[in-house]
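Here the structure is laid out as structure tokens; the discussion comes afterwards.
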Amino acid sequence: MNTHFQTKRRQIIGLFCTSAVLSQLPLAAMASSRAVGAGLVSDIEVLEWRGIALGADAQLKIYHEDQQEAQRLLKAVLHEVERQEQLFSLYRDDSVLSRLNSDGEVRDFAHDFYWLMSLADEHVKLTQGAFDPTVQILWETYRDFLMTQPKATPEMLLGEAQRVKYLLGWEGIQLAPDYIRLAKPGQAITLNGIAQGFITDRVTALLQQQGVDHALINMGEIRGLLPAGQEAWRLGISDPDDAQKLLHQLSLANQAMATSSAKGTFLSYENNIGHIFNPATLQSDDRYLSVTVVANTATQADALATAFSVMPLAVIKETLKQLSGVEAYVLNQDRQWYELM
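The sequence shown lines up with residues -28 to -1, 1 to 313 when you count with mature numbering (1 follows the signal peptide of the UniProt record, and there is no 0).
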């Protein structure tokens, strides 16, 4: 969602296929394990990798008869993730996004950067500004003020946010295939509320182009690929208050899933300031404990999970009426559970 703190907003556990037992490996490890169970061909193995993408935990499972080919595919995936991070990472000073934020304009970038900025533009309009990448300035303002004033009151922090309010707003940002220009000097954007989904989709497309039809891709958000006749991936949404408990289980078959949680990362535990900022109030928003979106693409699921986290339920419902194949699962602060479709 935002930058410089490793977020763990994906409250998703229990990743498993109903017809297979998959090994659990440490981060940055990879191994092959034979998948067994109903519906799987006995000589198809699963190659599993775990690591980091855009500061979030990432995981990949590829089912393939040829493990040498699976290893080649893994290398191609990691190369693609590296390429995408060079576009969208706020951790890298030389990324295209970092250069845009520092210079206010970029002209030398891969088409994917323009593509994702255009998708961001679509979701800003769809959500009437609830999805707003320019909240990066709020993140930076709160972070910097808390570093010098760790006991700052909410009133003090809101005062600082009011000081930079004029830098908020997507309107006026210029998007063209050969250049992108921010609207105001000092403005900054984050794509962390959509880029992890986009990277998941790009990795999925790469695997599909290479003939892979059975995989679980999680580059911060999740997509599950399944061949015809296979049982769906079963994914669990964990309880933000107890990660070992499941709130709900979902079946995922050639779909995507993203979860946003107000408890994912905190700038200040004392002031209950999380990583989800509402551009309308200039403050962090914790109205929901968990928001999960299922959609046809991880990009859309990611952006909507971000936006829905700061939207009233009634507005979420109205937004869903404009969309096809999108579901939302919401847990509010009173632990009331809503399934919206």
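We put the beta carbon where it would ideally sit given N, CA and C, even for glycine.
CA-to-CA distance, residue j to residue i, given in whole angstroms
| i | j | result |
| --- | --- | --- |
| V287 | D75 | 36 angstroms |
| D214 | V266 | 22 angstroms |
| L45 | L179 | 7 angstroms |
| Q221 | L163 | 28 angstroms |
| E193 | E290 | 24 angstroms |
| A47 | Q272 | The sequence given here has Lys at residue 47, not Ala. If I take the Cα positions, the gap works out to 26 angstroms. |
| G145 | D29 | Note that residue 145 is Ile in the sequence shown here, rather than Gly. Answer to the nearest angstrom: the Cα atoms are 31 angstroms apart. |
Buried or exposed by the 16-neighbour rule on C-beta atoms within 10 Å, applied to residue i
| i | result |
| --- | --- |
| S14 | Reliability fails at S14, whose pLDDT of 43 lies under 50, so the model's placement of it is uncertain and no value is given. |
| K217 | exposed |
| Y260 | buried |
| P212 | buried |
| S233 | buried |
| L147 | exposed |
| M313 | exposed |
| S296 | exposed |
| M119 | exposed |
| G169 | buried |
| E54 | exposed |
Delimiting residues of the alpha helix (DSSP H) encompassing residue i
| i | result |
| --- | --- |
| R195 | Here R195 belongs to no alpha helix (DSSP H); instead the beta strand (DSSP E) covers I194 to L197. |
| Y86 | H83 to L98 |
| T176 | A167 to Q181 |
| H51 | Q39 to F60 |
| residue 317 | Here the chain comprises residues numbered -28 to 313, so residue 317 is not present and cannot be evaluated. |
| L276 | A270 to F280 |
Extent of the continuous beta strand (DSSP E) run through residue i
| i | result |
| --- | --- |
| G208 | W205 to D211 |
| M229 | Q227 to S232 |
| N304 | E299 to N304 |
Whole-angstrom C-beta distance between residue j and residue i, which should lie under 8 angstroms
| i | j | result |
| --- | --- | --- |
| G158 | P251 | Contact doesn't hold; Cβ gap of about 16 angstroms is too wide. |
| L91 | I209 | That pair is no contact at about 24 angstroms. |
| E132 | F117 | 5 angstroms |
| Y151 | E77 | 7 angstroms |
| T172 | N190 | 7 angstroms |
| A270 | K33 | No, A270 and K33 are not in contact; Cβ-Cβ is about 15 angstroms, not under 8 angstroms. |
| L303 | S262 | 4 angstroms |
Any contact between the segment 185 to 197 and the segment 243 to 253? By contact I mean 3 or more CB pairs, one from each, below 8 angstroms. no
Does the segment 274 to 286 come into contact with the segment 93 to 109, if we say contact requires no fewer than three beta-carbon pairs (one atom in each stretch) closer than 8 angstroms? yes
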